[in-house]
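Engineer:
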Amino acid sequence: MQKFNFVILSLLYSISDAFTGPSPRILQTRLNIPQISSETKLNVKSPPDKEVQTISRPITNDEEERLGKTFGGYTVKQRLREEVESPFRKVRFIFFLSSAGSAGIALYFSALSLLKANMGGYSDAMPLDDALTNCAINLGGVAVCGYLAFRDYKTGQANLERIAKGGRLARLAITPASKEQERSVKTLSEYRRSLRIVIAAGGKEYIETMNRSLNSDQLKDTNNPPSLLEEVDVLVIPVLLTGSKQSGIVVADTKNCWRETEPQELDRNYDSSRSDDVVGFPRGNAAWDEYLKSEIDTAASQGFDVVEKGFTITVKKNGKILRRATGQPRWGDLIGAMEVLDGSKFGMPGDTERYGA
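Position in the sequence shown (first residue = 1) + 57 = the working numbering.
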């Protein structure tokens, strides 16, 4: 017995020694470090006191590439943003999914108990009514928890699609119509927080009608929508659509169509350059095709002819979609109510300077 206790104490000592660091003398012996006596003075200069500064650095190209990698159809950055917007959705999804799995396992054993109760001849078989009740409860758990998990999954996918579409919208490029900037290319993200965007897409007649409504005096009135649109920070982007539902609808050369528009009988003082300060033309038709495809497909599924009737997408200053509408842009509504419609008058940066305290 004493020998056994000695072995136990030896093991405990060796284990405790494993969690302690080696002594300085052992390190000096093993690494051949000369021992410094207490009389030896070290001439070490302490660094001067400095303020602790937080150094921020831009994201490197490798980090940007990792964030931009796509898996499952969405980038890491988009998935992170979805988690920030819905932090508990994934927790709920895992909870409901695991609950559905647990209920499924319980249903399996309940079904075995029901089979035994129905067949008879088993001494440990539960009553048939109890077995049926257990099966019903577990089946209900699988159905309810599975449905809740599936709903959270679909919600997450819808959020990811919305975020991805917002990213595609921000990356769309345009060329400003004004002569000073007609050689430059800008993305819609550059106008965020400064301008509202009105995308007006339709066929040739739709674009020409919109052009004349902006750039000519009709009847006896003097037309001034361009200056009023500029006052309320609106940028109009006409998008020419060609093709048909059967052959496919694509974005065409909007700039030439805009510049080649001819005035009609009631259009006085027509000049396509009158609205240049508030107009931009699409650049990179493939990207515009990709973004507008879902909008066109949705309209076509509802029996709406986007080439003939056209549609508008109004984007707020924060980059979110304010509304979608069919037909020509209603300049009066845009000019008269835009500040209130997109909430800019109630909390956007710059409101204090524009509207007062």
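Virtual Cβ for every residue (Gly too), placed ideally from N, Cα, C.
State the start and end residues of the unbroken alpha helix (DSSP H) segment that holds Ala437.
Structural biologist: Nothing about residue 437 can be read from this structure; the chain reaches only from 58 to 414.
Engineer: So, at 7 Å on beta carbons, what are the nonlocal neighbours of Ala206 in its own chain, with the 5 sequence-adjacent residues on each side left out?
Structural biologist: For the purposes of this step, residue 206 is identified with residue 149 of the sequence shown, where counting begins at 1. Once the five neighbours on either side are set aside, the close Cβ partners of Ala206 are Phe150, Phe153, Leu154 and Ala157.
Engineer: Check this for me: beta carbons of Leu415 and Leu229, under 8 Å apart or not?
Structural biologist: This structure cannot settle anything about residue 415, because the visible part of the chain is limited to 58 through 414.
Engineer: Applying the criterion that 16 or more other CB atoms from any shown protein chain within 10 Å of the CB defines a buried residue, is Ser241 buried or exposed?
Structural biologist: Locating residue 241 in the sequence shown gives position 184, where the first residue counts as 1. Exposed.
Engineer: Hey, which unbroken runs of the beta strand (DSSP E) at 3 residues or more fall wholly within the region 201-241?
Structural biologist: Segments of the beta strand (DSSP E) lying fully in the region 201-241: 230-233.
Engineer: Which of helix, strand or coil does DSSP assign to Phe153?
Structural biologist: If you number the sequence shown from 1, residue 153 lands on position 96. Three-state DSSP puts Phe153 in a helix.
Engineer: According to DSSP, simplified to helix, strand and coil, what is Ser71?
Structural biologist: To locate residue 71, count along the sequence shown from 1; it is residue 14. Bear in mind that a pLDDT of 41 at Ser71, under 50, signals an unreliable position, so the model cannot answer this.
Engineer: Would you decide whether Asn195 is buried or exposed? Buried here means 16 or more other CB atoms lie within 10 Å of its CB.
Structural biologist: For this step, residue 195 is matched to residue 138 along the sequence shown. Result: buried.
Engineer: Could you tell me which uninterrupted beta strand (DSSP E) segments, each at least 3 residues in length, are contained entirely in the region 259-331, listed from first to last along the chain?
Structural biologist: Correct list: 291-301 and 305-308.
Engineer: What do you reckon, are the CB atoms on Ile370 and Ile256 nearer than 8 Å?
Structural biologist: Numbered from its first residue, the sequence shown carries residue 370 at position 313. Numbered from its first residue, the sequence shown carries residue 256 at position 199. Yes.
Engineer: Kindly indicate which three-state DSSP category Phe166 falls into: helix, strand or coil?
Structural biologist: Here the question's residue 166 lines up with position 109 in the sequence shown. Note: Phe166 maps to helix in three-state DSSP.
Engineer: Where do the ends of the beta strand (DSSP E) carrying Ala382 lie?
Structural biologist: Your numbering for residue 382 matches position 325 in the sequence shown. Counting along the chain, the beta strand (DSSP E) containing Ala382 begins and ends at Ile378 to Thr383.
Engineer: On the DSSP letters alone, give me the boundaries of the alpha helix (DSSP H) that Val141 sits inside.
Structural biologist: If you number the sequence shown from 1, residue 141 lands on position 84. Where Val141 is concerned, the enclosing alpha helix (DSSP H) stretches over Val133 to Glu142.
Engineer: Confirm, please, whether the CB-CB distance from Leu298 to Ala343 is below 8 Å.
Structural biologist: Taking the first residue of the sequence shown as position 1, residue 343 is located at position 286. Taking the first residue of the sequence shown as position 1, residue 298 is located at position 241. Taking 8 Å as the Cβ cut-off, Ala343 and Leu298 do not qualify as a contacting pair.
Engineer: Measuring alpha carbon to alpha carbon, tell me which of Ala200, Leu292 and Gly224 ends up nearest Thr132.
Structural biologist: Start at 1 with the first residue of the sequence shown, and residue 132 comes out as number 75. Nearest option by C-alpha distance: Gly224.
Engineer: By the three-class DSSP mapping on this structure, what secondary structure does Ala257 have?
Structural biologist: Start at 1 with the first residue of the sequence shown, and residue 257 comes out as number 200. Of the three classes helix, strand and coil, the one that applies to Ala257 here is strand, per DSSP.
Engineer: May I ask you to report which of helix, strand or coil DSSP gives Lys173?
Structural biologist: Residue mapping note: residue 173 aligns to position 116 of the sequence shown, counting from 1. Residue state, collapsed to three classes: helix.
Engineer: Express the C-alpha separation of Asn313 and Thr232 in angstroms, rounding to a whole number.
Structural biologist: Translated into positions along the sequence shown, residue 232 becomes position 175. Translated into positions along the sequence shown, residue 313 becomes position 256. Their Cα atoms are separated by approximately 13 Å.
Engineer: Relative to the C-alpha of Ser329, which candidate in Lys236, Leu185, Gly178 and Arg208 has its C-alpha closest?
Structural biologist: Working through the sequence shown from its first residue, we reach residue 329 at position 272. Among Lys236, Leu185, Gly178 and Arg208, the Cα nearest to that of Ser329 is on Lys236.
Engineer: I'd like the span of the beta strand (DSSP E) that includes Val336, first residue to last.
Structural biologist: As a working mapping, residue 336 is identified with position 279 in the sequence shown. Premise fails: Val336 is in no beta strand (DSSP E) and is neither H nor E.
Engineer: By the DSSP assignment, the alpha helix (DSSP H) with Glu365 in it spans what residues?
Structural biologist: Taking the sequence shown and counting its residues from 1, the one referred to as residue 365 is at position 308. Val363 to Lys366 is the extent of the alpha helix (DSSP H) around Glu365.
Engineer: Can you have a look at Val372 and say buried or exposed, based on whether 16 or more other CB atoms are within 10 angstroms of its CB?
Structural biologist: Taking the first residue of the sequence shown as 1, we reach residue 372 at position 315. Result: buried.
Engineer: Out of Gly376, Ile254, Val308 and Glu317, which has the shortest C-alpha to C-alpha gap to Leu286?
Structural biologist: Indexing the sequence shown from 1 puts residue 286 at position 229. Among Gly376, Ile254, Val308 and Glu317, the Cα nearest to that of Leu286 belongs to Ile254.
Engineer: Roughly how many angstroms separate the alpha carbons of Glu239 and Val291, rounded to a whole number?
Structural biologist: Taking the sequence shown and counting its residues from 1, the one referred to as residue 239 is at position 182. Taking the sequence shown and counting its residues from 1, the one referred to as residue 291 is at position 234. Rounded to the nearest angstrom, the two C-alpha atoms are 18 Å apart.
Engineer: Among Arg250, Glu139, Val307 and Gly367, which one has its Cα closest to the Cα of Asp209?
Structural biologist: To locate residue 209, count along the sequence shown from 1; it is residue 152. Selected option, being the one with the closest Cα: Glu139.
Engineer: Going along the chain, which residues of its own chain have a beta-carbon closer than 8 Å to the beta-carbon of Gly341, five neighbours each way excluded?
Structural biologist: Sequence index remark: in the sequence shown, residue 341 carries index 284 (1-based). Leu229 and Ala230, listed in sequence order.
Engineer: Comparing alpha-carbon positions, which option in Val141, Leu217 and Val293 lies nearest Asp334?
Structural biologist: Counted from its first residue, the sequence shown places residue 334 at position 277. If we check each option's Cα against that of Asp334, Val293 comes out closest.
Engineer: Taking Cβ positions, are Trp388 and Pro295 nearer each other than 8 Å?
Structural biologist: What you label residue 388 is simply residue 331 of the sequence shown in a count that begins at 1. What you label residue 295 is simply residue 238 of the sequence shown in a count that begins at 1. Going by C-beta atoms, Trp388 is not nearer than 8 Å to Pro295.
Engineer: Relative to the alpha-carbon of Phe145, which residue among Gly213, Ala188 and Gln385 has its alpha-carbon at the smallest distance?
Structural biologist: As a working mapping, residue 145 is identified with position 88 in the sequence shown. Measuring from the Cα of Phe145, the nearest candidate turns out to be Gly213.
Engineer: By Cβ distance, which residues of its chain are closer than 8 Å to Val109, with the 5 residues on each side in sequence left out?
Structural biologist: Position 52 of the sequence shown, counted from the first residue, corresponds to residue 109. For Val109, the pLDDT reaches just 41, beneath the cut-off of 50, and the residue's location in the model is therefore unreliable, although a value from the coordinates is still provided. Contacts found: none.
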